[in-house]
Amino acid sequence: TDKDGNNPQTEEVDNVLIGVSRKPNTLDLNLEKTGVKTDRRGYIDVDDQMRTNVPNVFAIGDVVGKVLLAHVATHQGLVVAGVLAGHNERIDYKAVPAATFTHPEVASVGLTEKKARDAGHNVVVGKFPFVALGRAQTYGSTDGLVKIVADQRYGEILGVHIIGPSASDLIPEGVLALNLEATLEDVANAIHAHPTLGEGTMEASMVALGMPVHVGPPRRASSAQSAQPAAAAAR
2 TDKDGNNPQT EEVDNVLIGV SRKPNTLDLN LEKTGVKTDR RGYIDVDDQM RTNVPNVFAI
62 GDVVGKVLLA HVATHQGLVV AGVLAGHNER IDYKAVPAAT FTHPEVASVG LTEKKARDAG
122 HNVVVGKFPF VALGRAQTYG STDGLVKIVA DQRYGEILGV HIIGPSASDL IPEGVLALNL
182 EATLEDVANA IHAHPTLGEG TMEASMVALG MPVHVGPPRR ASSAQSAQPA AAAAR
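Everything in the sequence shown is counted per my numbering, starting at 2 for the first residue and increasing by one.
Structure representation (structure tokens):
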């Protein structure tokens, strides 16, 4: 069906993969003997330092049910190591990247355009297609795009979403942007090596700022509106 649940369509396929989530496997850990608390689903309750309710007992990874990704579990382990070393380490899940290793790859971090609008942001979006990127042309892989979601008032980047070649390798720039509360201008003004796939993030930022270089400006709402800048240029 479409996004509204209408217009059902049928496709014949060989296999269907359903990868919605995982269930915790904590029943055989005898946690009740330790006093460690779990939620109603069986995930272990922890705070932002990965501490359980029992002193000196920590838990990390899928068993805590936060974000079920290997790189998140690794970072949780680093937080625990820091805490054990006496540092005030805490985990922040605001900028957790996700990557799907399909062809083309898919990667994202932060808010989607819809979630940003639902959160009350005045959203501006920049999109840059890989087909307009020189390095993608040399790879022979030009499907996909880079999409940046930002707040219009200050230009703060809220989310980065990529479909295309090496998307999983490109998404860390988006993670850094969110962690540093970077703006569209910050990314657009950062000199990116050429020719690289990483230029797509810079180009998408420039599109969002209304300063596209290698693509045309975004389409306007109506033909009357689009005629205004052309008339001004003619004068």
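From the three backbone atoms N, C-alpha and C, an ideal C-beta is built for every residue, glycine too.
Keep in mind that this is a model prediction, so the values were computed, not measured.
- Across the set GLY217, LEU177, HIS195, the C-alpha of HIS195 shows the shortest separation from the C-alpha of GLN138.
- The Cβ neighbour count for HIS162, taken over all protein chains shown within 10 Å, is at least 16; the residue is labelled buried.
- Counting only runs of 3+ residues, the beta strand (DSSP E) found wholly inside the segment 104–181 occupies 106–111, 124–130, 146–152, 158–165, in chain order.
- Secondary structure of THR202 (DSSP, three-state): helix.
- THR197 has its alpha-carbon roughly 30 Å from the corresponding atom of ASP93.
- Remark: C-beta atoms of ASP46 and ASP40 approach each other more closely than 7 Å.
- Around the Cβ of ILE192, a 10 Å sphere holds fewer than 16 other Cβ atoms; the residue is exposed.
- When secondary structure is reduced to three states using DSSP, ALA100 falls in the strand class.
- The Cβ-Cβ distance between MET51 and GLN10 does not fall below 7 Å.
- In this structure, PRO98 places its C-beta atom within 7 Å of the C-beta atom of VAL110.
- The closest CA to that of VAL55, considering only VAL150, ALA151, THR35, LEU69, is found on THR35.
- Nearest C-alpha to GLY20 among TYR44, GLY6, LEU69: LEU69.
- Within the DSSP secondary-structure output, ARG52 pairs in a beta bridge with PHE59.
- No Cβ-Cβ contact shorter than 7 Å links LEU159 with LEU210.
- Residue VAL132 holds the alpha-carbon nearest to the alpha-carbon of GLU200 among GLY156, GLY43, VAL132, GLU106.
- GLY156 and THR184 have their C-alpha atoms roughly 5 Å apart.
- In this model, PHE102 and ALA71 are separated by some 14 Å (Cα to Cα).
- The C-alpha of GLU182 lies about 43 Å from the C-alpha of ASN31.
- The three-state secondary structure of THR11, taken from DSSP, is coil.
- Shown here, THR2 sits in coil according to DSSP, grouped into three states, outside any helix or strand.
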